[in-house]
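Student: Heads up, the sequence shown is in numbering that gives the first Met the number 0, so the first residue is 0 and it goes up one at a time. Heads up, the beta-carbon is just placed ideally off N, CA and C, and yes, glycines get one too. Attaching a single structure in structure tokens format; questions to follow.
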Amino acid sequence: MKRQNRIAFFNILSVLLINSIPFFTGSLFSRLLGTSGYGSLKIYNIWASVIAILFTLQTQSTLVNARVEYSLEEQDSYASSVMSLSVLVFLLCGTAVLIFIEPISELLRLEPMLIGLMLLQAFGTFSLNFLNTKFVYEFKAGKNMLTSLSLTLITLGLSLILILQLPQEIRYYGRVIAIAVTYGVIGIPACIYILAKGKTFIRRDYWKFCIALAVPSVFYNLSDLLLGQSDQVMLQQMLSETEVGQYSLAWTFGNVMFVIFGALNKTWCPFFFDEMKQGKRKSMWEKTANFLELFTVLSVGFILLAAEVYHFYASPDYWASTNLIPLFVSSYYLNFLCTFPVNFEYYHKRTKMVAAVTIAASLLNIVLNYFMIRWIGMAGAALATLISHGSQLVIHYLYCRYHLGDYPFGVRRWWKYAAAYFFMVVFVSVTGDFWMLRWGVGAALGLWELLRIRKRKVLI
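Written out as structure tokens, the structure reads:
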């Protein structure tokens, strides 16, 4: 039990570190860059994320399936072989981008130098996510922690040095260069480490297994990115970089809940797959109930305290987006509920269904953004994302419940948690001026959850 808690704690902490850099640094860099510069930085990062997904096939998403399909002795060989596949695809796509860099630069409204840095950042991000995923599924929490901490500290230090050397109007270049160089310098050795450890490069059966699962995951991850961030691109096109900056900082602030969810899910998911494989339904549900309770309490606590903390976190130039934070967190909460049917679909290798639903939700989000941004501005973009995530949850649940069969996460398992969360959203909206009441409820709820964790002696 102690080993399980230790693994869970360090895996969660390492994933939090590697994915929460924007949150930790958002307060500082939003002030240094200004609303327009911060908005430009966010647009650059969105396109870098698109490249990281498209040009690598997201082969790390198949590592969990490989644990079920292949023996433990084959895991390193599989990892190095599918990493080789990603390297090959990235080199081909990256070369094409460099050949046509001028028209691409004009299309994205980014200078050619930024396109080059984007390629470096994208590959480094993929390699580090691959290594992080591998360590999580191998329960190597210490190595995860060391990698994540190094990345966080180096990126922060280099960003500050470069930004302070540049004039205000191009300061965001300093942040871009720092992230790209850091991810590249650490990510490329991570790639080499994986290749050297497995010593298997081209193996047709591994590639065939991987491509069948990874290609739908590319569409899923790309659609998920569009679902979460197309609103910022559309705000840039329909309003201005200033609104993008305001919206993006509130999104970054609220995104801490999505980062926490991702860390918890990466810790819960290996146990879910292993216990599904072994038929340990009772043990699996106990961990799931703990997961549901913990994330619900964390989400409620976050929205109770969010307004005042955000006003400390952000300068007054960004406060116009304060009321969007509960909408962002509610979207993440629906995404969290969606993870149960999605992981069940992944277990049954129904990745095409996962991709199809995400694509449909992304298209819905783009359509809703077009009309709702015109109607109510930034709030329209946040509301469109919330509706789109809700549609995802409904479709995935109905598919698992009535098509796959033997679905262990029926509505009766989680509706009370969801009802409690959305009741507290209403509570926050009607007690906006009574911060002491909200903070008091948040403190009581946090203490209650700590006592619950102490009683059951496990985090999830």
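According to DSSP, is residue 313 helix, strand or coil?
Tutor: Walking along the sequence shown from the start, residue 313 turns up at place 314. The answer is coil: DSSP assigns residue 313 none of H, G, I, E or B.
Student: In whole angstroms, what separates the C-alpha of residue 460 from that of residue 52?
Tutor: Nothing about residue 460 can be reported from this structure: the residues present for the chain run from 0 to 459 only.
Student: Could you check whether the segment 390-397 touches the segment 338-357, counting it as contact only if at least three pairs of C-beta atoms, one from each stretch, sit closer than 8 Å?
Tutor: Counting Cβ pairs under 8 Å, three or more are found: they touch.
Student: The alpha helix (DSSP H) that contains residue 164, what's its start and end?
Tutor: Position 165 of the sequence shown, counting from 1, holds the residue named residue 164. Element bounds for residue 164: n/a, residue is neither H nor E.
Student: Express the C-alpha separation of residue 454 and residue 44 in angstroms, rounding to a whole number.
Tutor: Counting from 1 along the sequence shown, the entry for residue 44 is found at position 45. Counting from 1 along the sequence shown, the entry for residue 454 is found at position 455. Roughly 42 Å separates the two Cα atoms.
Student: Scan the segment 229-253 and note each continuous alpha helix (DSSP H) run of 4 residues or more that stays entirely inside, going in chain order.
Tutor: Those alpha helix (DSSP H) runs which fall completely within the segment 229-253 and span 4+ residues are 240-253.
Student: Going by CA-CA distance only, name the one from 433, 269, 414 and 371 that's closest to residue 60.
Tutor: By one-based count along the sequence shown, residue 60 stands at place 61. For residue 60, the nearest C-alpha among the options comes from 269.
Student: If you follow the alpha helix (DSSP H) that residue 342 is part of, which residue opens it and which one closes it?
Tutor: Residue 342 sits at position 343 when you count from the first residue of the sequence shown. That run of the alpha helix (DSSP H) goes 324-346.
Student: Rounded to whole angstroms, what's the CA-CA distance from residue 348 to residue 203? Just pull it up for me.
Tutor: Position 349 of the sequence shown, counted from the first residue, corresponds to residue 348. Position 204 of the sequence shown, counted from the first residue, corresponds to residue 203. In a straight line, the C-alpha of residue 348 is about 19 Å away from that of residue 203.
Student: Are the beta-carbon atoms of residue 116 and residue 179 separated by less than 9 Å?
Tutor: If you number the sequence shown from 1, residue 116 lands on position 117. If you number the sequence shown from 1, residue 179 lands on position 180. It is a contact, given that the beta carbons lie within the stated cut-off.
Student: Does the segment 382-391 touch the segment 311-330, meaning 3 or more C-beta pairs lie closer than 8 Å?
Tutor: Result yes; three or more Cβ-Cβ pairs closer than 8 Å.
Student: Residue ranges of each beta strand (DSSP E) run of no fewer than 3 residues wholly in the segment 95-153, ordered along the chain?
Tutor: Entirely contained in the segment 95-153, not one beta strand (DSSP E) run reaches 3 residues.
Student: Between which two residues does the alpha helix (DSSP H) holding residue 448 run?
Tutor: Looking up residue 448 in the sequence shown gives position 449. Note, residue 448: alpha helix (DSSP H), 434-455.
Student: Using a threshold of 8 Å, is the CB atom of residue 50 nearer than that to any non-hydrogen atom of the ligand ADP?
Tutor: With respect to the ligand ADP, the structure shown offers nothing to examine, as it has no ligands at all.
Student: Can residue 373 and residue 275 be called in contact, C-beta distance under 9 Å?
Tutor: Indexing the sequence shown from 1 puts residue 373 at position 374. Indexing the sequence shown from 1 puts residue 275 at position 276. Result no, Cβ atoms of residue 373 and residue 275 do not sit closer than 9 Å.
Student: Buried or exposed for residue 401, going by 16 or more other Cβ atoms inside 10 Å?
Tutor: Reading the sequence shown from its first residue, position 402 is the one you call residue 401. Looking at its Cβ environment, which holds fewer than 16 other Cβ atoms inside 10 Å, residue 401 is exposed.
Student: Compare the Cα-Cα distances from residue 56 to each of 305, 316, 321 and 84 and report the closest residue.
Tutor: As a first step, residue 56 must be located in the sequence shown, where it is residue number 57. Considering only alpha carbons, the answer is 84.
Student: Whether or not the segment 297-312 and the segment 362-371 are in contact is what I'm after, with contact meaning three or more pairs of Cβ atoms, one per stretch, closer than 8 Å; do they touch?
Tutor: With the cut-off at 8 Å, the segment 362-371 and the segment 297-312 do not touch.
Student: Return the residue from the list 250, 219 and 213 that minimises the CA-CA distance to residue 230.
Tutor: For this step, residue 230 is matched to residue 231 along the sequence shown. Nearest of 250, 219 and 213 to residue 230, Cα basis: 250.
Student: Among residues of its own chain, excluding the 5 on either side of residue 26, which ones have a beta-carbon nearer than 7 Å to its beta-carbon?
Tutor: The count along the sequence shown starts at 1 and reaches residue 26 at position 27. Same-chain partners within the cutoff: 312 and 313.
Student: Short of 7 Å in beta carbon distance, which residues of its chain neighbour residue 447, apart from the five on each side in sequence? Order them along the chain.
Tutor: Your numbering for residue 447 matches position 448 in the sequence shown. Around residue 447: no qualifying Cβ.
Student: Determine whether the Cβ of residue 149 lies closer than 9 Å to any Cβ atom of chain B.
Tutor: No chain B appears in the structure shown, which is made up of a single protein chain.
Student: Go through its chain and collect everything with a Cβ distance to residue 360's Cβ below 6 Å, but skip five positions before and after it.
Tutor: Here residue 360 corresponds to residue number 361 of the sequence shown, with the count starting at 1. Cβ within range, chain order: 226, 387, 390 and 391.
Student: I'd like the list of long-range same chain contacts for residue 420, defined as Cβ closer than 7 Å, with 5 residues on each side in sequence excluded.
Tutor: On the sequence shown, position 421 is the one that residue 420 refers to. Correct list, in chain order: 295, 298, 299 and 332.
Student: Mind listing, in chain order, the continuous beta strand (DSSP E) runs of no fewer than 3 residues lying wholly within the segment 197-223?
Tutor: With a minimum length of 3 residues, no continuous beta strand (DSSP E) run stays inside the segment 197-223.
Student: Would you report the Cα separation of residue 54 and residue 89, rounded to the nearest angstrom?
Tutor: Here the question's residue 54 lines up with position 55 in the sequence shown. Here the question's residue 89 lines up with position 90 in the sequence shown. Rounded to whole angstroms, residue 54 to residue 89 spans 5 Å at the Cα level.
Student: In this structure, does DSSP put residue 407 in helix, strand or coil?
Tutor: The residue you call residue 407 lines up with position 408 of the sequence shown. Residue state, collapsed to three classes: coil.
Student: Do the segment 257-268 and the segment 402-419 meet, that is, are 3 or more Cβ pairs less than 8 Å apart?
Tutor: Contact between the segment 257-268 and the segment 402-419 is absent, because fewer than three Cβ pairs lie under 8 Å.
Student: For the candidate residues 155, 243, 119 and 156, whose alpha-carbon lies nearest to that of residue 182?
Tutor: Walking along the sequence shown from the start, residue 182 turns up at place 183. It is 119 whose Cα lies nearest to the Cα of residue 182.
Student: Nearest to residue 352 by alpha carbon, out of 91, 218 and 208?
Tutor: Here residue 352 is taken as the residue at index 353 of the sequence shown, counted from 1. Looking at the Cα atoms, 218 is the closest of the given residues.
Student: On a CA-only basis, which of 161, 164, 129 and 163 is nearest residue 147? Give me that one, please.
Tutor: The sequence position of residue 147 within the sequence shown is 148, counting from 1. When only C-alpha atoms are compared, the closest one is 129.
Student: Taking the C-alpha atoms as reference points, what is the distance between residue 186 and residue 426?
Tutor: Within the sequence shown, the letter at position 187 stands for residue 186. Within the sequence shown, the letter at position 427 stands for residue 426. Their Cα atoms are separated by approximately 44 Å.
Student: What is the DSSP secondary structure of residue 24, reduced to helix, strand or coil?
Tutor: The sequence position of residue 24 within the sequence shown is 25, counting from 1. The answer is helix: DSSP assigns residue 24 an H, G or I state.
Student: Ordered along the chain, which non-local residues of its own chain (more than five positions away) have a Cβ less than 7 Å from that of residue 78?
Tutor: For the purposes of this step, residue 78 is taken as the residue at position 79 of the sequence shown. For residue 78, where only same-chain residues beyond five positions count, the Cβ hits under 7 Å are 62, 133, 193 and 197.
Student: The alpha helix (DSSP H) with residue 460 in it runs from where to where?
Tutor: As displayed, the chain neither begins before 0 nor continues past 459, which places residue 460 out of reach and without an answer.
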